[in-house]
Every structure is written in C-alpha cells, then in structure tokens.
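Q: What follows is a single structure, and I will ask about it in a moment.
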Amino acid sequence: MTAPALEARGLSRRFGGLVATDNVSFSLQPGARQALIGPNGAGKTTLINLLTGVLKPTQGAVWLAGRDVTHVSASQRVRRGLARTFQINQLFPDLSPAESLGLAISEREGRGWDFWRAAGKREIVAEIEDLLTRFNLSEVYDQPTRALPYGKQRLLEIALALACRPRALLLDEPAAGVPEEERHDILAALAQLPADVAILLIEHDMDLVFSFAARISVLVAGRLLCEGTPEEIAADPRVRAVYLGEDAHG
Amino acid sequence: MTDVLAHLRRRERWGVAEIAFWLALVAGIVAFPARAGLVNEALIAGLFALSLDLILGLTGIVSLGQAAFFGVGAYTAAILANAGYHDPLLGVLAAIVPTALIGFLTAPLLLRGSDLTRLMVTMGVALMLGELANREDGLTGGADGLNFTVAPLFGRFAIGSFGEGPRNAALFSLAVLFALLFVARRLARSPFGISLTAVRENRLRAGALGISAAWRIVAIYTISAAFAGVAGALLAETTQIASLDLFEFHRSANVMLMLIIGGAGYLYGGVIGAGVFILVRDVVSAETPEYWEFWIGLMLVALVLFGRERLANLVRLRR
C-alpha cells in the first residue's frame with residue numbers, strides 16, 4: 001500500500017492559553033477528495049497553516065508522501081508536493097496569467113535561480129497553454145492579473161497551485177466571493193482536477209462540499225468531531241447540532 | 001493562444017528606441033567632448049541608480065544606504081591604484097569583490113521588519129562604513145581622501161580631466177553602464193528576475209510556489225551592491241579621487257530621487273532620471289547656483305503626487 005499523500009499525526013497548536021488545534025489526526029490517500037468543514041473559529045485556518053508549514057505545531061507531526069516534514073520550511077514543502085490556494089486571492093497583480101504560470105513551472109523545474117536565460121522557454125509553453133485552457137483563462141492569458149474579473153482570478157489561484165504539480169492540494173474556500181454566474185466555472189475546474197492528486201477542500205458552501213467530497217471531516221473548536229461520507233455526516237446528529245443547523249442542509 | 005511564447009518573450013527583443021538611446025549617447029559624447037565631463041557624471045549616476053533599481057524597482061526592497069557600496073567601490077579602486085595596480089578596468093572589476101561581500105553579509109538585516117526598518121538599517125550601514133573609512137586614515141587618507149591616477153585604458157586611452165581624458169572617461173563609463181544594463185536586462189527577464197517580481201508583488205504567494213524570498217533578496221542585494229561598487233569605482237577613476245563624501249547620506253537620497261524621477265522597475269529609469277537630474281542641476285544652477293534643488297524638489301513632488309503618465313500627457317510627451 002502506498003503512503004498517504006498527506007498526513008496529520010496528533011497535531012496541536014496553542015496560542016497562549018488558547019488551544020487552536022487540538023490533537024488532530026487524519027490522512028489523505030493519493031487521489032482523495034476530502035472536505036474539511038467547521039463553523040467560524042473552528043481552527044481551519046490554523047490547521048492549514050500547520051499543514052503548509054507557516055506555523056509550527058506545539059505537538060504532533062505532518063507527513064508528506066511518507067516522510068516527516070514537520071521541520072521542513074513552507075517553501076520546501078511546496079517542492080516536495082504540497083500546494084495550496086488562498087481564501088483571499090494571493091496573486092501577482094502586474095504579471096499576466098501566462099507569466100504567473102510560467103513562473104510556477106520554472107520554480108517547480110528548479111530553474112528559479114537561472115538569472116541568464118530567458119524565462120519564456122519553448123519547453124514550458126505547452127504546459128502553460130494546457131493550464132490556461134483547463135482553467136478557462138485562454139482569452140485573458142496576456143492581461144495583467146489585476147485587470148482580470150474576480151472569477152478569473154479565482155481560477156488562476158487554483159491553476160497556480162496545480163502548476164506546482166502537487167501530490168496534495170489544499171483548497172481554501174475556492175468559491176469564496178465568486179458571483180453566482182461565474183460559479184459554474186469554479187465547479188467545473190474543481191471537477192476536472194487530476195485524479196491522482198489528493199485534495200483537501202476547506203469550504204463553507206455546503207452544496208460545493210457535498211458535490212465535491214467523497215469524505216468529509218468536521219472540525220469544531222480545534223478538534224475533529226467526526227469524519228465520514230457525505231451521507232454519514234449529513235445524518236450525524238452531533239454535526240447537525242453544532243454546525244449544519246436547520247437551514248444549511250435540511 | 002499560439003502567442004503565449006511571443007507574449008512571454010515580448011520584453012526580450014531590443015526595441016528601436018532602446019538602440020537609438022545608446023547610439024545617441026555615443027554620438028553625443030563624440031560630438032560634444034566639451035560636455036563629456038557632465039555626461040560622464042550622469043552615466044555613473046545612472047549606473048548607481050540602476051543598482052538601486054535592482055532592489056527597489058525589481059524586488060521592492062527600499063534602501064537609503066546605497067552610498068555605502070558606492071564609497072567602498074571608489075576606495076577599492078583608489079587603494080588598488082595607490083598600491084601600484086593602475087589599470088582602470090582592473091579597478092572597476094576589483095570593486096565588485098568587497099561590495100558584493102558586504103552586500104551579502106548585510107542583506108540578512110533586510111529580511112525582517114518593515115520598509116522603515118530597512119531604510120534605517122541601510123542608512124546605518126552606510127554611516128558605519130563611512131566612519132570606518134574616516135577612522136582608517138592610513139588606508140583611506142581620512143578626511144583628505146585619496147588622490148590617485150589610473151593608467152590609460154587598454155594602454156592607449158588616457159582617462160582624466162585634460163585633453164581627451166573626459167571624452168575617454170565618458171566612453172569608458174558608457175561601456176561599463178551598457179555592459180551592466182545588459183546583464184540587468186537578462187536578469188530581469190530570467191526566471192530569477194520574474195521570481196523577484198513575485199517576491200515584490202506577493203511574498204505570501206511566492207512562498208506558496210516554493211520560492212524562498214529570503215535567499216532571493218540576499219542574492220539580488222549582493223548583485224545590487226556590486227553594481228553600486230562598480231559605479232563608485234568609475235567615479236573615483238574618472239575624477240581621480242576617492243573621498244569620504246561618497247558615503248554620505250545625500251548620495252543615497254539623491255540616487256533614490258533620480259530613480260523615482262526616471263521611474264523605478266524598468267531599468268532605464270535610473271539612467272534617464274540621472275540624466276534629468278544632472279541636466280536640471282546644470283541648467284538651473286547656471287541661473288541660481290544656490291537654489292537649484294528647489295526645482296528638483298518641485299519636480300519630485302509633482303511626479304509622486306500626480307504620477308508620471310498624467311504629467312507626460314500634460315506636456316504631450318508620451319513615452
């Protein structure tokens with residue numbers, strides 16, 4: 001059996017007296033489609049920061065493809081196959097989508113320190129074009145990112161993460177703030193993410209969660225309350241009590 | 001979509017305006033040798049401003065201490081010449097070594113804190129190096145500075161204040177500026193250069209693409225220091241003196257001013273800004289020798305408040 005793409009082993013993080021993450025363990029198998037839900041303040045952001053290496057855990061470990069990366073820097077974890085998107089767009093306003101993707105590919109290929117040869121290499125163009133097509137960015141490939149409609153920027157968020165060719169991908173509320181008429185673009189993009197990439201979707205939008213995820217984990221007050229299939233989660237009275245309520249999935 | 005490659009490479013080709021710019025400089029120096037001293041000063045200031053553009057324009061790292069490297073470069077050339085190594089090209093190349101080293105060693109100081117922190121840290125480093133040069137007067141001549149002479153370039157072209165000296169000096173400076181701008185141009189269009197843009201525009205996302213901003217900043221600061229060192233060496237060689245004022249605050253401030261006047265981030269801004277700065281100084285100070293900086297000040301306020309493009313449209317001088 002292959003090692004999980006991403007694994008949390010008893011992760012805890014305290015801020016002073018506050019326990020933001022409390023003994024969280026889970027694992028993502030290669031190709032997993034898992035969602036992480038939880039009410040506001042449940043510690044989702046802290047958990048992402050622990051997984052990506054922005055924060056160090058007070059206790060516990062993070063494993064990436066069978067290796068302990070707890071003490072590996074955030075940028076090194078990216079190189080070992082852990083990519084993420086951001087809830088609030090984190091893009092390069094002056095670069096075009098094509099340039100941004102080219103940058104991500106160059107870095108992945110280890111050319112980031114090449115200061116002499118041109119960035120625009122023939123070898124990477126096919127991959128850039130492929131990503132542009134898959135994320136519906138072909139029409140705006142040469143526009144500065146700051147000039148793109150919000151929905152296109154959300155797509156570029158995901159495309160950039162995918163350009164890192166991750167084994168595991170953390171999607172932090174990919175549909176946040178996207179207007180209704182541009183939503184199907186995001187859903188389509190999520191639906192055709194590569195099947196071998198393990199994906200953890202952090203999302204408030206229950207429709208999106210239940211349509212995308214094969215498994216759902218529920219985080220409450222820094223702890224994993226339960227984990228299961230969408231049906232199990234929807235039927236779990238504890239989840240309904242603390243999170244779903246009457247209106248969200250009734 | 002077939003144009004993705006052309007789009008990525010759109011800034012690689014040399015434009016007509018760009019080539020004309022360089023040819024005009026060569027022609028200007030040859031045609032007006034009497035003004036060569038002034039042109040030389042502007043070219044060296046332009047190279048100095050280019051060094052700042054690498055960190056400020058490209059990478060978004062502010063500095064008010066670029067004169068530290070300017071001074072060290074100048075003294076390197078002067079000390080070498082007084083030790084018997086008079087070759088001007090050797091002096092310029094040698095200036096790279098200590099400046100790059102000091103840049104590399106002080107760059108980690110720029111990684112923490114805000115822009116204000118960086119302004120203060122870079123200023124502080126320049127102050128310290130200036131005083132170090134003041135104290136080590138056995139090596140640097142202290143407050144008197146170091147007078148020295150350089151041999152003719154390639155054994156043929158005399159550099160100095162007399163005869164063809166100023167013209168040769170300006171052509172030498174132009175050649176060095178061109179060489180380093182060529183390097184900067186390659187660098188800015190390389191994957192490394194794009195990653196500096198990424199670090200400037202969004203360090204969080206750059207990190208999420210696997211880019212360690214700290215090392216990129218250390219690298220470009222080291223290169224920038226070497227560029228400034230070369231500029232300092234050129235100034236010392238063409239004026240045949242290295243003096244303590246090269247380390248002074250007004251040098252660091254003026255070079256930032258020149259870069260802002262010309263526009264940061266596209267490499268030519270520093271060269272153009274330096275030209276404008278020195279031209280304004282020359283023209284206005286002929287009228288009012290004491291108050292010429294008034295006009296530089298006015299220009300600066302107008303530029304940053306109203307923006308370059310709107311001003312350019314106003315006077316119908318679209319770039």
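Which chain is which? The protein sequence lines are A and B, in order. Be aware that the first sequence starts at 1, since it is given in my numbering, and climbs by one per residue. Be aware that the second sequence starts at 1, since it is given in my numbering, and climbs by one per residue. Don't be surprised by glycine CBs; every beta carbon is placed ideally from N, CA and C.
Please compile the residues from chain B whose C-beta is within a distance smaller than 8 Å of the C-beta of Asp94 of chain A.
A: Under the 8 Å cutoff, chain B gives Thr197 and Glu201.
Q: Gly60 of chain B versus chain A: which residues are under 7 Å apart at the beta carbon?
A: Result: empty, since nearest Cβ-Cβ is about 11 Å, beyond 7 Å.
Q: 8 Å is my cut-off, CB to CB: does Asp254 of chain A come that close to chain B?
A: What is shown of chain A runs 1 to 250, which leaves residue 254 of chain A out entirely.
Q: Ser321 of chain B to Leu38 of chain B, Cα distance in whole Å?
A: What the structure shows of chain B is the stretch from 1 to 319, and residue 321 of chain B is not part of that stretch, so it cannot be assessed.
Q: Would you call the segment 116 to 127 of chain A in contact with the segment 147 to 160 of chain A, where contact means no fewer than 3 C-beta pairs closer than 8 Å?
A: As far as the Cβ criterion goes, the segment 116 to 127 of chain A does not touch the segment 147 to 160 of chain A, which means the pair count is below three.
Q: Please list, in chain order, the chain A residues whose beta carbon lies closer than 9 Å to that of His7 of chain B.
A: In chain order: Ser96, Ala98, Glu99, Gly120, Tyr141 and Asp142.
Q: Give the residues of chain B in contact with Gly112 of chain A, contact being defined as C-beta atoms less than 7 Å apart.
A: Neighbours of Gly112 of chain A on chain B, chain order: Pro191, Phe192, Ser195 and Ile211.
Q: Grab me the residues of Glu231 of chain A's own chain with a C-beta within less than 8 Å of its C-beta, minus the 5 sequence neighbours each way, in chain order.
A: Same-chain partners within the cutoff: there are none.
Q: Identify the contact partners of Val125 of chain A in chain B, using a Cβ-Cβ distance below 7 Å as the criterion.
A: What Val125 of chain A touches in chain B: Val4 and Leu5.
Q: Indicate whether at least one CB of chain B lies closer than 8 Å to the CB of Glu232 of chain A.
A: No, its Cβ sits nowhere closer than 8 Å to a Cβ of chain B.
Q: Give a yes or no on contact between the segment 52 to 69 of chain A and the segment 1 to 17 of chain A, applying the rule of three or more CB pairs nearer than 8 Å.
A: Yes: at least three Cβ pairs fall under 8 Å.
Q: Go ahead and label Glu136 of chain B buried or exposed: buried means 16 or more other beta carbons lie within 10 angstroms of its beta carbon, across all protein chains shown.
A: Glu136 of chain B is exposed by the Cβ-count criterion.
Q: On the three-state DSSP scale, how would you describe Ile96 of chain B?
A: Of the three classes helix, strand and coil, the one that applies to Ile96 of chain B here is helix, per DSSP.
Q: Alpha carbon to alpha carbon, how far is Leu95 of chain A from Gln143 of chain A? Give it in angstroms, no decimals.
A: Those two C-alpha atoms are separated by around 8 Å.
Q: State the beta-bridge partners of Ala6 of chain B as determined by DSSP.
A: DSSP output for Ala6 of chain B lists no bridge partner at all.
Q: I'd like to know whether the C-beta of Phe135 of chain A is nearer than 8 Å to at least one C-beta of chain B.
A: No, its Cβ sits nowhere closer than 8 Å to a Cβ of chain B.
Q: To the nearest angstrom, how far is the alpha carbon of Trp116 of chain A from that of Ala170 of chain B?
A: About 28 Å.
Q: Using a Cβ-Cβ cut-off of 8 Å, state whether Trp63 of chain A counts as contacting chain B.
A: Taking Cβ atoms only, chain B never reaches closer than 8 Å to Trp63 of chain A, which makes this a no.
Q: Please classify Ser25 of chain A: does DSSP put it in a helix, a strand, or coil?
A: Looking at Ser25 of chain A - three-state DSSP - the assignment turns out to be strand.
Q: Compare the Cα-Cα distances from Val78 of chain A to each of B:Gly71, B:Ala208, B:Leu298 and B:Gly65 and report the closest residue.
A: Considering only alpha carbons, the answer is B:Ala208.
Q: Just mark Asp90 of chain A as buried or exposed, buried being the case when its beta carbon has 16 or more other beta carbons within 10 Å.
A: A small correction: the amino acid at residue 90 of chain A is Gln; Asp does not occupy that position in the sequence shown. Result: buried.
Q: Cβ closer than 8 Å: which chain A residues qualify as neighbours of Leu204 of chain B?
A: Near Leu204 of chain B (Cβ distances below 8 Å), the residues of chain A are Phe86 and Gln90.
Q: Which term fits Gly275 of chain B, buried or exposed, when burial requires 16 or more other beta carbons within 10 angstroms of its beta carbon?
A: Gly275 of chain B should be labelled buried.
Q: So what's Glu7 of chain A in DSSP terms, helix, strand or just coil?
A: Glu7 of chain A falls in the strand class under three-state DSSP.
Q: Report the rounded CA-to-CA distance for Met258 of chain B versus Ile44 of chain B, giving the unit in angstroms.
A: So the two alpha carbons sit approximately 12 Å from each other.
Q: Which residue's Cα is closest to the Cα of Glu157 of chain A: A:Val24, A:Ala83 and A:Pro237?
A: Selected option, being the one with the closest Cα: A:Ala83.
Q: Since Gly229 of chain B contacts Thr76 of chain B with CB under 8 Å, what's their CB separation in whole angstroms?
A: The Cβ separation is near 7 Å, so the contact holds.
Q: Tell me which residues share the same chain as Tyr141 of chain A and place their Cβ nearer than 7 Å to its Cβ, disregarding the 5 neighbours each side in the sequence.
A: Hits under 7 Å: Ser96, Pro97, Ala98 and Leu132.
Q: By how many angstroms is the C-alpha of Thr106 of chain B removed from the C-alpha of Ala175 of chain A?
A: Taking the straight line from one Cα to the other gives about 43 Å.
Q: Gln59 of chain A by DSSP, collapsed to three states: which one?
A: Note: Gln59 of chain A maps to strand in three-state DSSP.
Q: Anything in chain A within Cβ reach of Arg187 of chain B, meaning under 9 Å, just list it in chain order.
A: The amino acid occupying residue 187 of chain B in the given sequence is Leu; Arg does not appear at that position. By Cβ distance, chain A contributes Phe115 and Trp116.
Q: Please confirm whether Glu107 of chain A has its beta-carbon closer than 8 Å to some beta-carbon of chain C.
A: Any reference to chain C falls outside this structure, whose protein chains are A and B.
Q: CB Leu80 of chain B to CB Leu90 of chain B, shorter than 8 Å?
A: In contact: Leu80 of chain B and Leu90 of chain B (Cβ atoms closer than 8 Å).
Q: Could you tell me whether the Cβ of Ala74 of chain A comes closer than 8 Å to any Cβ of chain B?
A: Closer than 8 Å: yes.
Q: Starting from Glu227 of chain A and walking both ways along the beta strand (DSSP E), at which residues does that stretch end?
A: Unbroken beta strand (DSSP E) run through Glu227 of chain A: Arg223 to Gly228.
Q: Straight-line CA distance for Ser217 of chain A to Ala191 of chain A?
A: Approximately 20 Å, taken between the alpha carbons.
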